[in-house]
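What follows is one structure encoded as structure tokens, with my remarks underneath.
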Amino acid sequence: MIAESMYQELILEHYKHPQGRGLREPYDAEVHHVNPTCGDEITMRVKVDDGKVADVSYDGQGCSISQAAASVLHELAAGTTVEESLAVVDEFTRLLQGRGQVEPDEDVLGDAVAFAGVAKFPARVKCALLAWMAYKDAVVRSTR
Amino acid sequence: MVQESFDVERIRKDFPVLSRELPGGRPLVYLDSGNSSQKPVQVIDAMRDHLSLHYSNVGRAHHALGAESTEAYEAARDKVAAFVGAPAREEIIFTKNASEAINLVAYAFGNPLNTDPRFRVGPGDEIVVTEMEHHSNIVPWQFATQRTGATLRWFGVTDEGRLNLDDLDELINERTKIVAVAHQSNVLGTVNPIAAIVARARQVGALVLVDASQSVPHKPVNVAELGADFVAFTGHKMVGPSGIGVLWGRAELLDAMPPFLGGGEMIEAVWMDHSTFAPIPHKFEAGTPPIVEAVGLAAAVDYLTEVGMPAIQDWEHHLTGYALAALSEIPELRLIGPRDLDSRGGTISFTLRNRAGDPIHPHDVGQILDDVFGVAVRVGHHCARPLHLRFGIPATTRASLYLYNTTDELDALVRGLHHVQKVFG
Ligand SMILES: Cc1ncc(COP(=O)(O)O)c(C=O)c1O
């Protein structure tokens with residue numbers, strides 16, 4: 345059963361109980377990203393204070409992978425510095441685009457390592473990356 | 034009962050892939066034939082044999098192999114013509130796929146090389162499609178209207194997934210140049226009432242193109258009886274190879290149309306400043322055609338004929354009835370398409386919720402079905418995004434059946450769906 349490597353308990357947990365979901369005020373930037381092939385959508389807001397990520401709030405719809413990825417992102421990014429969070433985004437992107445060949449850096453990724461199995465499914469990589477790309481976009485806009 | 038005499042186990046033995054195991058020891062349950070069908074050993078062998086012993090270019094090669102290859106390629110045209118009841122073999126044009134066949138027709142409209150009034154299009158003229166079309170039968174017509182200034186109009190779809198013909202007489206009117214409609218929907222399974230559409234089109238002098246990509250593989254289709262002007266279908270969905278499609282058109286229309294792609298074999302004579310063109314079908318077959326693919330398609334047509342298209346239709350009817358009944362036992366499953374078996378083929382799309390009533394994304398449904406049970410379905414909008422927008426959903430899960438499927442496989446699908454509901458419960 346390959347599925348077990350993809351639908352880790354942690355992913356299902358985040359899917360069923362998303363962390364930090366819902367759009368909140370105040371925010372510096374809001375972005376809306378979609379994955380046109382499957383209809384996954386996310387709206388993401390970022391609030392940055394003094395180089396620190398004060399809040400990441402989001403709303404969206406889509407598959408368990410895209411929704412859980414947004415929840416994990418919220419947990420990892422909120423409260424860290426922009427710089428730290430972008431390092432995590434880069435490592436997450438490297439892992440997901442590695443076609444299952446990349447050894448993830450658990451120290452950097454924390455809970456996000458649970459998505460390692462998704463990297464083996466090219467069709468789902470975009471789902472996992474949706475929220476993370478939206479976050480990167482929002483951070484760039486908010487620090488302009 | 035026809036289906037009792039239908040020896041599906043014997044048929045399955047013809048398709049080598051159906052007895053392979055997927056990693057982890059999962060059996061393969063292939064319910065994605067609407068996307069592309071599997072191939073019987075008869076098709077594989079015919080292509081291998083041609084490549085091994087008879088291959089060369091066609092038409093232009095004046096040697097023994099050239100003659101054999103040309104004969105095989107043209108024999109494929111004869112077989113396809115007979116298979117769909119084409120009145121003349123020249124009316125069968127080999128293309129790359131159904132998409133190219135439809136583009137071939139669409140690019141005739143408003144083409145500056147065109148001299149026939151039926152293909153002359155401009156502002157005020159209308160082209161009619163339907164909301165249930167595959168993108169292949171929408172986008173080429175969007176291009177045509179954008180090029181010419183004509184207006185694109187479309188039939189809507191009812192909640193049950195049938196064409197809404199209430200405004201038939203208004204939608205198809207004196208301004209209509211062509212109506213392009215699917216014979217059978219690749220999402221809903223709905224079989225459309227082509228006769229009614231053709232009858233109205235005839236009253237106003239509009240042409241009709243039928244996208245038969247999802248009907249020709251599954252039931253007897255006779256283009257003369259269908260009554261349309263053009264019929265498009267594709268080899269890979271009818272146990273043939275990818276890389277070859279078919280356009281049937283009335284000879285008189287094909288003669289009147291401008292060429293589509295320019296190149297070798299489609300010409301009569303070429304000067305530096307102009308050319309004259311070969312008669313049909315070659316006028317529309319520029320360049321080296323899909324030779325081995327044509328041989329494979331001929332073998333596919335032989336295979337389907339041998340099994341019998343009426344028998345295939347009956348078997349799929351039986352399977353579809355079984356599937357609809359089994360799926361209706363899952364209360365959280367919403368069928369997108371007709372519930373009854375009338376004018377309906379074996380393409381079954383749906384959305385699924387968990388027992389608590391939360392939607393489960395089709396990606397998740399498909400992934401669990403595949404990874405845990407080896408059940409291959411298609412998830413997404415199946416190249417029919419406007420239809421999904423019509424139903425207010427981004428995506429569906431689709432099981433599409435073919436002659437080699439069994440009721441056991443449908444049981445596996447249902448078991449899989451119950452498991453999906455548990456995982457995302
Ligand atoms: C109804 C319908 N039309 C057109 C097509 C396009 O066929 P092809 O991709 O072979 O051009 C398909 C299948 O993908 C289809 O289901």
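Sequence order for the protein chains is A and B. In terms of my numbering, the first sequence has 410 at position 66, counting the first letter as 1, and numbering is strictly consecutive. In terms of my numbering, the second sequence has 396 at position 363, counting the first letter as 1, and numbering is strictly consecutive. Heads up, the beta-carbon is just placed ideally off N, CA and C, and yes, glycines get one too.
_Paired residues, beta bridge with B/SER308 - DSSP_ = The count along the second sequence starts at 1 and reaches residue 308 of chain B at position 275. Answer is B/VAL303, bridged to B/SER308.
*asked:* If I measure Cβ to Cβ from B/LEU294 and keep anything under 6 Å in the same chain, skipping five residues before and after, which residues do I get?
replied: Residue numbering aside, residue 294 of chain B sits at position 261 when the second sequence is read from its first letter. For B/LEU294, where only same-chain residues beyond five positions count, the Cβ hits under 6 Å are ALA319.
_I need the DSSP call for B/GLY99, collapsed to helix, strand or coil._
Translated into positions along the second sequence, residue 99 of chain B becomes position 66. When secondary structure is reduced to three states using DSSP, B/GLY99 falls in the helix class.
*CA-CA distance, B/GLN400 and B/GLU42?*
Within the second sequence, residue 400 of chain B is the residue found at index 367, counting from 1. Within the second sequence, residue 42 of chain B is the residue found at index 9, counting from 1. Those two C-alpha atoms are separated by around 27 Å.
_Closer than 7 Å: B/ASP65 CB and nearest ligand 1 heavy atom_ = Within the second sequence, the letter at position 32 stands for residue 65 of chain B. No, the Cβ of B/ASP65 stays beyond 7 Å of every heavy atom of ligand 1.
*Drop a sphere of 10 angstroms on the beta-carbon of B/THR223, count the other beta-carbons inside from all chains shown, and report buried for 16 or more, exposed for fewer.*
Against the second sequence, residue 223 of chain B aligns to sequence position 190. Counting the other CB atoms within 10 Å of its CB gives B/THR223 a total of 16 or more, which places it among the buried residues.
*asked:* I'd like to know if A/ARG365 contacts chain B, where contact means its C-beta is closer than 8 Å to some C-beta of that chain.
replied: To locate residue 365 of chain A, count along the first sequence from 1; it is residue 21. Taking Cβ atoms only, chain B never reaches closer than 8 Å to A/ARG365, which makes this a no.
*Going by other Cβ atoms of all chains shown within 10 Å of its Cβ, with 16 needed for buried, is B/GLN217 buried or exposed?*
Residue numbering aside, residue 217 of chain B sits at position 184 when the second sequence is read from its first letter. Buried, since its Cβ has 16 or more Cβ neighbours within 10 Å.
*Going along chain B in order, which residues have a C-beta closer than 7 Å to the C-beta of A/GLY406?*
Numbered from 1 along the first sequence, position 62 holds the residue referred to as residue 406 of chain A. Near A/GLY406 (Cβ distances below 7 Å), the residues of chain B are HIS394.
*Extent of the continuous alpha helix (DSSP H) run through B/LEU240*: Numbered from its first residue, the second sequence carries residue 240 of chain B at position 207. For B/LEU240, no alpha helix (DSSP H) segment is defined; the enclosing uninterrupted segment is the beta strand (DSSP E) at 240-244.
_Cβ separation of A/ALA482 and A/LEU417, assumed to be a contact under 8 Å, to the nearest whole Å_ = As a working note, residue 482 of chain A is residue 138 in the first sequence. As a working note, residue 417 of chain A is residue 73 in the first sequence. Not quite, the Cβ-Cβ distance comes to about 11 Å (not below 8 Å), so this is no contact.
*asked:* Quick check on B/THR267: buried or exposed, where buried means 16 or more other Cβ atoms within 10 Å of its Cβ?
replied: Counted from its first residue, the second sequence places residue 267 of chain B at position 234. With at least 16 other beta carbons inside 10 angstroms of its own, B/THR267 counts as buried.
_Is A/ILE346 close to chain B? Criterion is C-beta to C-beta, closer than 8 Å._
Within the first sequence, numbered from 1, the residue matching residue 346 of chain A stands at position 2. Residue confidence for A/ILE346 is low, a pLDDT of 47 falling below 50, so the modelled location carries little weight; the figure read from the coordinates is stated next. For A/ILE346, the nearest CB of chain B lies under 8 Å from its own CB, placing it at the interface with that chain.
*Closer than 7 Å by beta-carbon distance: list the chain B residues that pair up with A/THR381, in chain order.*
As a first step, residue 381 of chain A must be located in the first sequence, where it is residue number 37. Chain B residues near A/THR381: GLY413.
*Answer yes or no: do B/ARG431 and B/ARG411 have a C-beta to C-beta separation smaller than 8 Å?*
Here the question's residue 431 of chain B lines up with position 398 in the second sequence. Here the question's residue 411 of chain B lines up with position 378 in the second sequence. For B/ARG431 and B/ARG411, yes; Cβs fall inside 8 Å.
_Sequence-distant residues of the same chain with beta carbon closer than 7 Å to A/GLU357, five excluded per side_ = Locating residue 357 of chain A in the first sequence gives position 13, where the first residue counts as 1. Around A/GLU357: no qualifying Cβ.
*Relative to the alpha-carbon of A/THR381, which residue among B/LEU330, B/HIS415, B/GLN75 has its alpha-carbon at the smallest distance?*
Working through the first sequence from its first residue, we reach residue 381 of chain A at position 37. Check the Cα spacing between A/THR381 and each of B/LEU330, B/HIS415, B/GLN75: the tightest is with B/HIS415.
*Who are the near neighbours of B/ARG53 in its chain, counting only those whose CB is closer than 8 Å to its CB and skipping five residues on each side?*
Here residue 53 of chain B refers to the residue found at position 20 when the second sequence is read from its first residue. So the list reads LEU61, once near-sequence residues are dropped.
*Answer yes or no: does any C-beta atom of chain B fall closer than 8 Å to that of A/TYR351?*
Here residue 351 of chain A is taken as the residue at index 7 of the first sequence, counted from 1. Closer than 8 Å to some Cβ of chain B, the Cβ of A/TYR351 qualifies, so yes.
_Beta-carbon separation (whole angstroms), B/ARG325 vs B/LEU84, contact threshold 8 Å_ = Translated into positions along the second sequence, residue 325 of chain B becomes position 292. Translated into positions along the second sequence, residue 84 of chain B becomes position 51. The amino acid at residue 325 of chain B is misidentified as Arg; the sequence shows Val. With a Cβ gap of about 6 Å, B/VAL325 and B/LEU84 count as contacting.
_B/GLU159 (DSSP reduced to helix, strand or coil)_ = Start at 1 with the first residue of the second sequence, and residue 159 of chain B comes out as number 126. B/GLU159 falls in the strand class under three-state DSSP.
*ligand 1 heavy atoms versus the CB of B/GLY278: any closer than 7 Å?*
Here residue 278 of chain B corresponds to residue number 245 of the second sequence, with the count starting at 1. Yes, Cβ of B/GLY278 sits closer than 7 Å to a heavy atom of ligand 1.
*Start and end of the alpha helix (DSSP H) containing B/LEU11?*
Outside the displayed span of chain B (34 to 458) sits residue 11 of chain B, for which this structure offers no information.
*Answer yes or no: do A/ILE489 and A/ALA458 have a C-beta to C-beta separation smaller than 8 Å?*
The question about residue 489 of chain A has no answer here: the residues shown for chain A are numbered 345 through 488.
*Is the number of C-beta pairs between the segment 229-238 of chain B and the segment 86-106 of chain B that are closer than 8 Å three or more?*
No, because fewer than three Cβ pairs between the segment 229-238 of chain B and the segment 86-106 of chain B fall closer than 8 Å, the two stretches do not touch.
*asked:* Checking 8 Å against the spacing of the C-beta atoms, do B/GLY407 and B/VAL220 come in under that value?
replied: If you number the second sequence from 1, residue 407 of chain B lands on position 374. If you number the second sequence from 1, residue 220 of chain B lands on position 187. Between B/GLY407 and B/VAL220, the C-beta spacing is not below 8 Å.
*In this structure, what does DSSP give as the bridge partners for A/TYR402?*
On the first sequence, residue 402 of chain A is found 58 positions in, with the first residue counted as 1. In DSSP, A/TYR402 forms a bridge with A/ARG365, A/MET388.
*Starting from B/ARG186 and walking both ways along the alpha helix (DSSP H), at which residues does that stretch end?*
Translated into the one-based positions of the second sequence, residue 186 of chain B becomes position 153. No alpha helix (DSSP H) holds B/ARG186; the beta strand (DSSP E) holding it covers 184-188.
*Within chain B, the residues that A/ARG468 reaches when beta carbons sit closer than 9 Å*: Translated into the one-based positions of the first sequence, residue 468 of chain A becomes position 124. What A/ARG468 touches in chain B: HIS396, GLN400.
_Among B/LYS270, B/HIS251, B/SER433, the one whose alpha carbon lies nearest that of B/ALA356_ = Taking the first residue of the second sequence as position 1, residue 356 of chain B is located at position 323. By alpha-carbon distance to B/ALA356, the top candidate from B/LYS270, B/HIS251, B/SER433 is B/SER433.
*Per DSSP, the bridge partner or partners of B/VAL264*: The residue you call residue 264 of chain B lines up with position 231 of the second sequence. Note: B/VAL264 sits in a beta bridge opposite B/VAL243, B/TRP281.
*Counting along the chain, where does the beta strand (DSSP E) carrying A/ASN379 start and finish?*
Numbered from 1 along the first sequence, position 35 holds the residue referred to as residue 379 of chain A. 373-379 is the extent of the beta strand (DSSP E) around A/ASN379.
_Per DSSP, cross-strand counterpart(s) of B/ALA215_ = Position 182 of the second sequence, counted from the first residue, corresponds to residue 215 of chain B. B/ALA215 is bridged to B/ASP244.
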